[in-house]
Amino acid sequence: MRIDLHTHSSRSDGTDSPAGLVEHAAAAGIDVVGLTDHDTLAGWDDAIRAAWRHGVGLVVGVEISCRLAGASVHMLAYLVDPTHPGLLAMLEWVRDARAARVPALLDRLRSYGMDLTMDDVAAHAPSTASVGRPHVADALVSAGYVADRQEAFERWLGEGRPAYVPHDAPEPTEVIRTVLSAGGVPVLAHPRGRKSRTVLTDQVVRQLTAAGMGGIEVDHHDHPPDVRAELRALAAELDLVVTGSSDYHGRGKVEHELGCHTTTEEEFARLLDRARTNAERAQRRVPEFIPPRR
Ligand code: AMP
Ligand code: ZN
Ligand code: FE
Ligand code: FE
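This note's numbering puts the first residue of the sequence shown at 461, with every later residue one more than the last.
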């Protein structure tokens with residue numbers, strides 16, 4: 461079984477439609493795919509229909525933007541109740557905060573001679589309510605200022621780069637609390653990737669686990685082998701589910717092909733077990749895992 465639990469569609473900053481992503485997963489021989497768009501559940505329905513049609517297993521989820529000690533941190537949330545008012549309010553708030561700083565970011569770019577309007581950015585975000593830096597990156601590419609998203613982030617938009625503007629977001633503990641009350645499982649995304657490595661120390665991971673976090677993404681492109689070994693040991697100590705995933709964004713990210721990192725069947729079974737427990741505790745009706753048909 462090939463299980464890839466972290467992917468993005470065009471409902472956030474990936475380039476495949478949700479159905480296209482599922483179809484692509486089927487063609488790539490993925491048995492179970494997790495749809496985890498940034499701060500939105502908008503792709504779920506299309507992905508669910510496509511999963512039934514193509515016989516691909518599907519775990520619906522979301523990747524929630526958080527802020528901790530001034531750094532951007534991502535929390536994956538699986539199998540949450542999509543009608544939970546607190547969760548929906550939190551996602552809407554984060555989406556708005558993410559988008560609200562785009563004008564400030566464009567001001568910075570303008571001060572470096574790159575003239576882009578909000579309309580230019582919107583043109584690259586036609587099917588998402590979750591607008592952020594990747595769409596600004598695409599506008600920079602279109603205008604010919606950079607060659608690709610990668611260069612846009614490395615030169616201008618990445619944390620610590622000249623046009624970087626952070627946005628407001630909830631703290632991870634607040635996100636964990638909300639995800640639990642929506643009956644889902646919080647899993648820390650790429651904890652030692654980019655800037656988050658400075659704030660997500662072992663001690664903080666222990667605190668988040670005490671707050672109810674159920675798993676940690678270990679096998680991810682942003683983690684070198686030694687970091688994975690450390691995280692695996694920490695996960696064992698804290699009894700966290702260990703996941704691995706591509707963080708696929710379609711053409712939006714290189715070296716993140718579907719299935720390039722995967723989650724073992726054993727760890728996936730533990731994740732589903734936690735999902736059942738959390739849903740029962742929260743007394744929430746949560747979406748079911750759609751099993752693969754093959
Ligand atoms: P935002 O939430 O608007 O600050 O944008 C963050 C998103 O930008 C992340 O979730 C990634 O999908 C993307 N991103 C961040 N750094 C890079 C990078 N170096 N290359 C490509 N995409 C990136
Ligand atoms: Zn993304
Ligand atoms: Fe992320
Ligand atoms: Fe992601």
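The beta-carbon is built from N, C-alpha and C at its ideal position, and this holds for glycine as well. It should be emphasised that the depicted structure is a prediction, and the values quoted were computed from it without experimental measurement.
With a threshold of 6 angstroms (Cβ to nearest heavy atom), would Lys713 be considered close to ligand 1? Residue mapping note: residue 713 aligns to position 253 of the sequence shown, counting from 1. Yes, Cβ of Lys713 sits closer than 6 angstroms to a heavy atom of ligand 1.
Rounded to whole angstroms, what is the Cα-Cα separation between Val687 and Pro626? Within the sequence shown, numbered from 1, the residue matching residue 687 stands at position 227. Within the sequence shown, numbered from 1, the residue matching residue 626 stands at position 166. Their backbone Cα atoms lie some 26 angstroms apart in a straight line.
Please tell me whether, using a cut-off of 6 angstroms, the distance from the CB of His468 to the nearest non-hydrogen atom of ligand 2 is below it. Here residue 468 refers to the residue found at position 8 of the sequence shown. Yes - ligand 2 has a heavy atom lying nearer than 6 angstroms to the Cβ of His468.
With three or more beta-carbon pairs closer than 8 angstroms as the criterion, would you say the stretch 578-587 touches the stretch 645-663? no
So what does DSSP say about Ile508, is it helix, strand or coil? On the sequence shown, residue 508 is found 48 positions in, with the first residue counted as 1. Ile508: helix per DSSP, three-state reduction.
For the alpha helix (DSSP H) that contains Pro622, what are its first and last residues? If you number the sequence shown from 1, residue 622 lands on position 162. Per DSSP, Pro622 belongs to no alpha helix (DSSP H) and is neither H nor E.
Run through DSSP, which three-state label would Leu528 get? Residue numbering aside, residue 528 sits at position 68 when the sequence shown is read from its first letter. DSSP places Leu528 in strand when its eight states are reduced to three.
Pull up the distance between the alpha-carbon of Ala623 and that of Ala564, whole angstroms please. Here residue 623 refers to the residue found at position 163 of the sequence shown. Here residue 564 refers to the residue found at position 104 of the sequence shown. Whole-angstrom Cα-Cα distance: 9 angstroms.
What I want to know is whether the C-beta of Asp682 ends up closer than 6 angstroms to one or more non-hydrogen atoms of ligand 2. Here the question's residue 682 lines up with position 222 in the sequence shown. Every heavy atom of ligand 2 is 6 angstroms or more from the Cβ of Asp682, so no.
Following the continuous alpha helix (DSSP H) through His680, name the residue where it begins and the one where it ends. Position 220 of the sequence shown, counting from 1, holds the residue named residue 680. First-last for His680: undefined, no H or E at that position.
Assign Pro646 to one of three DSSP states: helix, strand, or coil. Against the sequence shown, residue 646 aligns to sequence position 186. It is a strand residue.
Might you give, ordered along the chain, the residues of its own chain that have their beta carbon closer than 6 angstroms to the beta carbon of Pro751, omitting 5 neighbours on each side? The count along the sequence shown starts at 1 and reaches residue 751 at position 291. Gly517.
In terms of DSSP beta bridges, what is Thr703 paired with? The residue you call residue 703 lines up with position 243 of the sequence shown. In the DSSP output, where bridge partners are listed per residue, Thr703 has Glu677.
Close-in-space but distant-in-sequence residues of the same chain around Gly712 (CB under 7 angstroms, 5 per side omitted): To locate residue 712, count along the sequence shown from 1; it is residue 252. Asp473, Gly474, Thr475, Pro594, Arg609, listed in sequence order.
According to DSSP, is Ala549 helix, strand or coil? Numbered from 1 along the sequence shown, position 89 holds the residue referred to as residue 549. Helix, per DSSP.
Report the start-end ranges of each alpha helix (DSSP H) in the stretch 583-636 that is 4 residues or longer and not cut off at the edges. 593-602, 609-612
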